[in-house]
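S.K.:
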Amino acid sequence: MDVPFWSREIETAERSRIEGLQLQRLRQTIGWALQTALYRKRLSQAGINSPDDIKSLNDLRRIPFTTKDDLRVSFPKGHLAVGMTDVLRVHSSSGTTGIPTVIYYSRDDVDNWTDLLARSIVATGATSADVFQNMMTYGFFTGGLGLHYGAERVGMAVIPIGGGNTKRQIQTMKDFQTTVLHVTPSYLLHIHSKLGEEGVRREDLALRKAFIGAEPHSENTRRKLQDLLQIEAYNSYGLSELNGPGVAFECVFRNDMHVWEDAFIAEIIDPKTGEILQDGQEGELVLTNIVRRATPILRYRTRDLAFLHPQGCDCGRTHRRLSRILGRTDDMLIINGVNVFPSQIEEKIMKIPEVATNYLIHVDKKGALDRLTVKVEIYPKLFLGEVSKLEALKRKIIEELRASITISPAVELHEPGSLPVSEGKAKRVVDDRPKD
Amino acid sequence: MAKQLTIFVENRAGRLRSISENLHKNNIDIRAFTIQDRGDYGLLRLIVDKPNDAYLAMADVGCACALKDVLAVSVPDQPGNFHRLTSALAADGINITDAYGFVLQPHKTGVCCMEIEQAQLAKAAQVVREAGFTVLEDEELYSL
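Going down the list, the sequences are from chains U and W. In case it helps, this note's numbering puts the first sequence at residues 51 to 486. In case it helps, this note's numbering puts the second sequence at residues 48 to 191.
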């Protein structure tokens, strides 16, 4: 098999060279982190007051973990290591409450990130001759702009269509003879199911590859997509705290994702004890960004469960491969590629007086797409017997939630006392999506 | 003014049964009812003989319910009378936000219950009386 490279030298470097780079870059990152309010104190408490206190990669374990909650506490700028003059871009993702997680990028940071994405794209065999339709949402979400920049760097013809509007997506794939897609697996299944309705046959399209990401999926889903659309589907991994997409990507062998280890240090830990696990053992992925000037993030607890392959890959890359995401250590929901914490929903609906204290978050599938339904009980004391007030209440809940979680749920009103009670371990989230 | 009891009901099997059971247990006599369907839920609207008792009985079991003034008008059950009623209200710019009707004695007496915005309610009652209709008070409605 032809194995294309963007930066062959670094992608196939000896492990010792990669580890040497990691140490050098980690020390540099420690220097940057010490300039932030977030890390100055906690590194000092761990006895790290200068890059010189990191002697080897083994010293990594002395660095305390960083959690999403830490980034919430340090909102908006407690983890910013440069002045705003040196910031070129801001991205943000959902926090566990109304406070989002914000990440800053310097000019070099955007450039490095773009390069990692160019590397990822080329690793799949895509080239400058491809027509790339980017179906991910642009904006604060990193999925849209991240791949956009990477694809431009590769020299692909980039169609920045963004998310949604299935009719237009299909027409665009046909009109421009799109060859490569960036899309969530569920949305691609949805698009496939709508081709017939739009009078478009597979042979009218020039599709050959899809980068699928932003939501966990099984090998079965990948196979299904590949069979239905006769394409190659490549898994990708990233999170905004660590740039966004381009943390790990599959090569032409499509046998799990190479973590770009010259830019990230990946560890797998026991989520309960924090103990570092061996390659091959399943645990929580912890990532350190070692090439980001504006927002250094050390030992970030991704809450994603996965393992690192101990063996190398036939492509010749020496960067270890990350398994598919096997689960979460928290209650985060991923709904059509959008991360949602139940606590974000609770925070909003409990502020609305006409809503009683019980609620239920229900997730299921409608066709290929995820559907979020928020069920609330109405508060009897504020019931006036008017439909217009109830419908206004529904709209208010939808608007509040859309502002907070960026997606519009369906809202159901229920009788007082009909949903599980709040005492004890009430099950607030029911996820009826099939596991495969 | 007549009172209407409105009860919030989820749209699923058995919900009406539990309401009717509770009303029956409390010796409530139902004169008329209608349901406003909104998909996942509906509003059951009732005209009953003892609206306050019915309200308390439902509130006691945790129901979301409300008592509301409605304009209940006695309309002779003959062609053209409903049109006369709506024309009188329209001529004075009164909006009927919701309404339902029922016949008490075929070819003799019908009743039209109308929900009208609070600000226009007194005016509406006056207009209806001036047009020659009888506005039914609570007791009259239940003793018909």
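Beta carbons: idealized from backbone N, C-alpha and C, even for Gly. If you're wondering where the values come from, they're calculated on a predicted model, not measured in any experiment.
Going along the segment 418 to 432 of chain U in order, which residues come within less than 7 Å of chain W, judged by CB to CB distance?
M.R.: Hits within the stretch, in order: I428, P430.
S.K.: Beta-carbon within less than 7 Å of R483 (chain U)'s beta-carbon, same chain only, minus the 5 sequence neighbours each way: which residues are those?
M.R.: Indexing the first sequence from 1 puts residue 483 (chain U) at position 433. Correct list, in chain order: V413, D414, K415, D420.
S.K.: Which same chain residues end up closer than 7 Å to L278 (chain U) when comparing Cβ atoms and leaving out the 5 residues on each side of it in sequence?
M.R.: Here residue 278 (chain U) corresponds to residue number 228 of the first sequence, with the count starting at 1. Taken in chain order, the residues that qualify are H242.
S.K.: Kindly list, in the order they appear in chain W, the residues whose Cβ is closer than 9 Å to that of P466 (chain U).
M.R.: Position 416 of the first sequence, counting from 1, holds the residue named residue 466 (chain U). What P466 (chain U) touches in chain W: F55, G109, C110, A111.
S.K.: So P146 (chain U) and D120 (chain U) are in contact, right, with Cβ under 8 Å, and what is the actual spacing, rounded?
M.R.: On the first sequence, residue 146 (chain U) is found 96 positions in, with the first residue counted as 1. On the first sequence, residue 120 (chain U) is found 70 positions in, with the first residue counted as 1. Checking the displayed sequence, the identity of residue 146 (chain U) turns out to be Thr instead of Pro. With 8 Å as the limit, T146 (chain U) and D120 (chain U) do not qualify as a contact, their Cβ atoms being about 11 Å apart.
S.K.: Whole angstroms is fine: what's the gap from D145 (chain W)'s alpha carbon to K224 (chain U)'s?
M.R.: Indexing the second sequence from 1 puts residue 145 (chain W) at position 98. Indexing the first sequence from 1 puts residue 224 (chain U) at position 174. Each residue's alpha carbon lies about 50 Å from the other.
S.K.: Along the segment 70 to 98 of chain W, where does the CB come closer than 7 Å to a CB of chain U? Name the residues.
M.R.: Listed by position along the chain: Q83, R85, D87, Y88, L90.
S.K.: Measure the alpha-carbon distance for L63 (chain W) versus C110 (chain W) and round it to whole angstroms.
M.R.: Within the second sequence, the letter at position 16 stands for residue 63 (chain W). Within the second sequence, the letter at position 63 stands for residue 110 (chain W). In a straight line, the C-alpha of L63 (chain W) is about 12 Å away from that of C110 (chain W).
S.K.: Look at the alpha carbon of N339 (chain U) and the alpha carbon of R157 (chain U), and state the distance between them as a whole number of angstroms.
M.R.: The residue given as residue 339 (chain U) occupies position 289 in the first sequence. The residue given as residue 157 (chain U) occupies position 107 in the first sequence. Spanning the two alpha carbons is a distance of roughly 16 Å.
S.K.: Could you check the C-alpha separation between I211 (chain U) and Y199 (chain U) for me, to the nearest Å?
M.R.: For the purposes of this step, residue 211 (chain U) is taken as the residue at position 161 of the first sequence. For the purposes of this step, residue 199 (chain U) is taken as the residue at position 149 of the first sequence. Taking the straight line from one Cα to the other gives about 14 Å.
S.K.: Look at the Cβ atom of I113 (chain U), then the Cβ atom of A96 (chain U), and state whether they are nearer than 8 Å.
M.R.: Sequence index remark: in the first sequence, residue 113 (chain U) carries index 63 (1-based). Sequence index remark: in the first sequence, residue 96 (chain U) carries index 46 (1-based). Yes, the pair counts as a contact, with Cβ atoms nearer than the cut-off.
S.K.: If you drop the 5 nearest sequence neighbours on each side, which residues of the same chain put their C-beta closer than 7 Å to that of G189 (chain U)?
M.R.: Translated into positions along the first sequence, residue 189 (chain U) becomes position 139. Contacts found: none.
S.K.: Chain U partners of A171 (chain W), CB-CB under 7 Å?
M.R.: As a position in the second sequence, residue 171 (chain W) is number 124, starting the count at 1. Per Cβ cutoff of 7 Å: no residues; A171 (chain W) is ~17 Å from chain U at best.
S.K.: Under 8 Å, Cβ to Cβ, is there at least one residue of chain W near L469 (chain U)?
M.R.: Counting from one through the first sequence, the residue named residue 469 (chain U) turns up at place 419. So, not an interface residue.
S.K.: Any Cβ of chain U within less than 8 Å of the Cβ of A106 (chain W)?
M.R.: Translated into the one-based positions of the second sequence, residue 106 (chain W) becomes position 59. A106 (chain W) counts as touching chain U.
S.K.: Strictly by DSSP, which residues pair up with Y88 (chain W)?
M.R.: Locating residue 88 (chain W) in the second sequence gives position 41, counting from the first residue. In DSSP, Y88 (chain W) forms a bridge with W:E57.
S.K.: Residues of chain W with CB under 7 Å from V437 (chain U), in chain order?
M.R.: The count along the first sequence starts at 1 and reaches residue 437 (chain U) at position 387. Q83, R85, L90, listed in chain order.
S.K.: Strictly below 9 Å CB to CB, what residues from chain U border K115 (chain W)?
M.R.: Within the second sequence, numbered from 1, the residue matching residue 115 (chain W) stands at position 68. Near K115 (chain W) (Cβ distances below 9 Å), the residues of chain U are L434, G435, E436.
S.K.: Is the CB-CB distance between L410 (chain U) and Y287 (chain U) below 8 Å?
M.R.: Reading the first sequence from its first residue, position 360 is the one you call residue 410 (chain U). Reading the first sequence from its first residue, position 237 is the one you call residue 287 (chain U). No, they are not a contact pair.
S.K.: Check each residue of the segment 451 to 464 of chain U: if its Cβ is closer than 8 Å to any Cβ of chain W, include it; give the result in chain order.
M.R.: Result list: E462, L463, H464.
S.K.: Roughly how many angstroms separate the alpha carbons of T133 (chain W) and E427 (chain U), rounded to a whole number?
M.R.: Mapped onto the second sequence, residue 133 (chain W) falls at position 86. Mapped onto the first sequence, residue 427 (chain U) falls at position 377. The straight-line gap from Cα to Cα measures roughly 37 Å.
S.K.: Enumerate in chain order the residues of its own chain whose CB-to-CB distance from V480 (chain U) is below 8 Å, with the five nearest sequence positions on each side excluded.
M.R.: Reading the first sequence from its first residue, position 430 is the one you call residue 480 (chain U). Only L410, I411, H412, V413 meet the Cβ criterion.
S.K.: Give me the Cβ distance between A173 (chain U) and V204 (chain U), rounded to the nearest whole Å; I'm assuming they're in contact under 8 Å.
M.R.: The residue labelled residue 173 (chain U) in the question sits at position 123 within the first sequence. The residue labelled residue 204 (chain U) in the question sits at position 154 within the first sequence. Incorrect: roughly 11 Å between the Cβ atoms, too far for contact.
S.K.: Tell me the rounded alpha-carbon separation between V405 (chain U) and Q276 (chain U).
M.R.: The residue labelled residue 405 (chain U) in the question sits at position 355 within the first sequence. The residue labelled residue 276 (chain U) in the question sits at position 226 within the first sequence. Computed Cα separation, rounded: 45 Å.
S.K.: Whether or not the segment 119 to 126 of chain W and the segment 68 to 78 of chain W are in contact is what I'm after, with contact meaning three or more pairs of Cβ atoms, one per stretch, closer than 8 Å; do they touch?
M.R.: With a cut-off of 8 Å, the segment 119 to 126 of chain W and the segment 68 to 78 of chain W do not count as touching, because too few Cβ pairs lie within range.
S.K.: In whole angstroms, what is the alpha-carbon distance linking A83 (chain U) and W163 (chain U)?
M.R.: For the purposes of this step, residue 83 (chain U) is taken as residue 33 along the first sequence, with counting starting at 1. For the purposes of this step, residue 163 (chain U) is taken as residue 113 along the first sequence, with counting starting at 1. Their backbone Cα atoms lie some 19 Å apart in a straight line.
S.K.: Tell me, which residues are paired with H141 (chain U) by DSSP?
M.R.: Start at 1 with the first residue of the first sequence, and residue 141 (chain U) comes out as number 91. H141 (chain U) pairs with U:I153.
S.K.: So if DSSP puts D481 (chain U) in a beta bridge, which residue, or which two residues, is it bridged to?
M.R.: To locate residue 481 (chain U), count along the first sequence from 1; it is residue 431. BP columns for D481 (chain U) point to U:V413.
S.K.: Go to Q152 (chain W), then tell me how far its beta strand (DSSP E) extends in each direction, as first and last residue.
M.R.: Position 105 of the second sequence holds residue 152 (chain W). Taken as a continuous stretch (DSSP letters only), the beta strand (DSSP E) holding Q152 (chain W) covers 143 to 152.
S.K.: Do the CB positions of V230 (chain U) and M51 (chain U) come within less than 8 Å of each other?
M.R.: What you label residue 230 (chain U) is simply residue 180 of the first sequence in a count that begins at 1. What you label residue 51 (chain U) is simply residue 1 of the first sequence in a count that begins at 1. For V230 (chain U) and M51 (chain U), no; Cβs fall outside 8 Å.
S.K.: According to the neighbour-count rule (16 or more other Cβ atoms, all chains shown, within 10 Å of its Cβ), is V150 (chain W) buried or exposed?
M.R.: Within the second sequence, residue 150 (chain W) is the residue found at index 103, counting from 1. Exposed, by the Cβ-count rule.
S.K.: In this structure, what does DSSP give as the bridge partners for I326 (chain U)?
M.R.: Residue mapping note: residue 326 (chain U) aligns to position 276 of the first sequence, counting from 1. Answer is U:I319, bridged to I326 (chain U).
S.K.: List the whole-angstrom C-beta distance separating L358 (chain U) from F261 (chain U), where the pair is believed to meet the contact cut-off of C-beta under 8 Å.
M.R.: For the purposes of this step, residue 358 (chain U) is taken as the residue at position 308 of the first sequence. For the purposes of this step, residue 261 (chain U) is taken as the residue at position 211 of the first sequence. With a Cβ gap of about 21 Å, L358 (chain U) and F261 (chain U) do not count as contacting.
S.K.: Nearest to L195 (chain U) by alpha carbon, out of U:R342, U:D180, U:V181, U:G213?
M.R.: Within the first sequence, the letter at position 145 stands for residue 195 (chain U). That would be U:G213, whose Cα lies nearest to the Cα of L195 (chain U).
S.K.: Report the residue from U:H464, U:R169, U:Q280, U:E441 whose alpha carbon sits nearest the alpha carbon of L255 (chain U).
M.R.: In the first sequence, the residue the question calls residue 255 (chain U) occupies position 205. Looking at the Cα atoms, U:Q280 is the closest of the given residues.
S.K.: Starting from the Cα of L434 (chain U), find the closest Cα among W:C160, W:A169, W:A106, W:K97 and give me that residue.
M.R.: Counting from 1 along the first sequence, the entry for residue 434 (chain U) is found at position 384. Residue W:A106 is the option with its Cα nearest to L434 (chain U).
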